[in-house]
């Protein structure tokens, strides 16, 4: 893979490349359409010419989407959720993994199954009770409530990965540190967490993307513009077609996709790593 | 429910097959990671945005219709999302567009863990192309394939955002998956009982699918 041998290009290689390029272009076509049409001026949009680029009003379209869907406060809330919740989840998950693997918690595996078991069930199952519980406890339509639920949902995966990761760290490290006089807490903070940095980052990125892209929870548990995350806001922009032109909707779609796409491109290796970590 | 079945079959076969194709083609390719990029890009885009993009492309007489027309195929003026099962097929297409990249990535991880020696040996014995893939790669990819299929099944059962953004289950309830029906019954029509029943059904089906898949996976691990 890295050690590519020099060799003459074989016909099979060319076929492979051509097939890949054709498929790749097919895959890029929707993105091309999105970019081109999100950039057209509202008045210059003709359905018959969707494939043809024309004009560059991307920024004003984005601004339009921004004000129409009241994206400002939404954007802030979503950012808050997708930073704080994964951060908490990663730390809690790491603590769970550490407790089970390094501290040899009694019945550790049972605890793990209890934490992880919930993910087998679909989110929809808990939606109703969650809604009623939130409504009853005053967490409905609050930022704290959203952070709590996003954290809770992200913990199992993070615990799962961290448990596997810590299993791969030799237990003798823990014993050696104990002999040197370190307590469990400082071993966790000063040895295990630094060792796991790449795994922690990978989980954080995956979960942040999940929270940013979530629709269902946001739709169910929030109401007001300032609390509601960005994806429900986008759907409502789309459904109020009367007021917003298609170019505006597309610009809005592009706008809310940019952060995750950029994050993704910047950290592709971490993404692959995170997915691979989830496999064991 | 039948819709959910069609949906599951579509999501389990198309993106998994395409993902494997992309992975095998890019594996060991000089510019493999670059050629893989177009497929990964949609994965970072949210389901809602995917819905917005494809809604736009699939408008009656929109980009998709025009492309079909330019290729000389019939159906240029079709309302792609206005009738079923066409609408479900279109949404499967949109979801495949989004999901192929992850599967490809998982398969690449799987391919990299395959030892090189048996492949070299087979190559020396004169196995090429298709036979190499069928007799050597595919059996060795089985564990990762199980994982990918399992993830696809569970993921497809829970699908909500793409459908919600594209058709909201309509026209009528014809394109609703279980997840969409559940949400509609509970929070739009306020039929809490109905909604809960659908949620229970969905849970049972998902749980059964996961259980079967986990058993297979565990069996694989044990024999490995």
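Protein chains in written order, with the numbering used here: chain A, 1064 to 1343; chain B, 440 to 663.
Glycine included, every Cβ here is placed at the ideal spot set by N, Cα and C.
Model, not experiment: these values are computed from the prediction.
- Taking a beta-carbon distance threshold of 9 Å, residue 449/B does not count as an interface residue toward chain A.
- At a cut-off of 9 Å between beta carbons, residue 486/B contacts chain A.
- DSSP places residue 1219/A in the helix class (H, G or I) of the three-state scheme.
- Between the alpha carbons of residue 1331/A and residue 1270/A lies a distance of about 14 Å.
- One alpha carbon belongs to residue 1219/A, the other to residue 1178/A, and they sit about 6 Å apart.
- Close CB contacts of residue 542/B within its chain, under the 6 Å cut and outside five residues either way in sequence, are with 454, 455, 458 and 587 (chain order).
- In this model, residue 502/B and residue 1212/A are separated by some 39 Å (Cα to Cα).
- Counting only the Cα atoms, residue 590/B lies some 22 Å from residue 465/B.
- About 10 Å separates the Cβ atoms of residue 632/B and residue 1191/A, ruling out a contact at the 8 Å cut-off.
- With a cutoff of 9 Å on beta-carbon distance, residue 484/B and residue 1214/A are scored as not near each other.
- In this structure, the alpha-carbon of residue 1158/A lies about 39 Å from that of residue 1299/A.
- Against chain B, a Cβ distance below 8 Å from residue 1176/A picks out nothing, because the smallest value is about 12 Å.
- Proximity to residue 1199/A across 1251/A, 1086/A and 1284/A peaks at 1284/A, based on C-alpha coordinates.
- No Cβ-Cβ contact shorter than 9 Å links residue 1084/A with residue 596/B.
- The residue among 1295/A, 1274/A, 1276/A and 1289/A with its C-alpha nearest the C-alpha of residue 1282/A is 1295/A.
- Residue 599/B and residue 1286/A have their C-alpha atoms some 19 Å from each other.
- Excluding its 5 nearest sequence neighbours in each direction, residue 1147/A has C-beta neighbours in its own chain below 7 Å: 1210, listed in chain order.
- For residue 1138/A, not one C-beta of chain B is nearer than 9 Å to its own C-beta.
- When C-beta atoms of the region 491 to 500 of chain B are compared with those of the region 1085 to 1101 of chain A, three or more pairs fall below 8 Å, so the two segments count as touching.
- Residue environment: residue 1221/A is assigned as buried (16 or more neighbouring CB atoms within 10 Å of its CB, all protein chains considered).
- Taking 8 Å as the upper bound for CB-CB distance, residue 624/B and residue 637/B are in contact here, some 6 Å apart.
- The Cβ-Cβ distance between residue 1278/A and residue 486/B falls below 9 Å.
- In the structure shown, residue 607/B adopts coil according to DSSP, grouped into three states.
- One alpha carbon belongs to residue 1196/A, the other to residue 1202/A, and they sit about 8 Å apart.
- DSSP places residue 537/B in the uninterrupted alpha helix (DSSP H) bounded by 525 to 551.
- Residue 544/B and residue 462/B have their alpha carbons spaced roughly 7 Å apart.
- Between residue 531/B and residue 450/B, the C-beta gap is smaller than 9 Å, which places the two residues in contact.
- When C-alpha distances from residue 476/B are compared across 1103/A, 1088/A and 1130/A, the shortest belongs to 1088/A.
- Counting the other Cβ atoms within 10 Å of the Cβ of residue 1253/A gives fewer than 16, which makes it exposed.
- Identification of residues in the region 1186 to 1210 of chain A having a C-beta nearer than 8 Å to some C-beta of chain B yields 1186, 1187, 1188, 1190, 1191 and 1194, given in sequence order.
- Here the alpha carbon of residue 492/B sits roughly 11 Å from the alpha carbon of residue 1092/A.
- For residue 595/B, the enclosing alpha helix (DSSP H) begins and ends at 581 to 596.
- For residue 619/B, the enclosing alpha helix (DSSP H) has its first and last residue at 617 to 622.
- For the region 1244 to 1273 of chain A, residues whose beta-carbon sits nearer than 8 Å to a beta-carbon of chain B comprise 1272.
- Using a Cβ-Cβ distance cut-off of 8 Å, the region 1225 to 1235 of chain A and the region 1255 to 1268 of chain A are in contact, since at least three pairs of beta carbons, one from each stretch, lie closer than that value.
- The DSSP-derived three-state label of residue 1290/A is coil.
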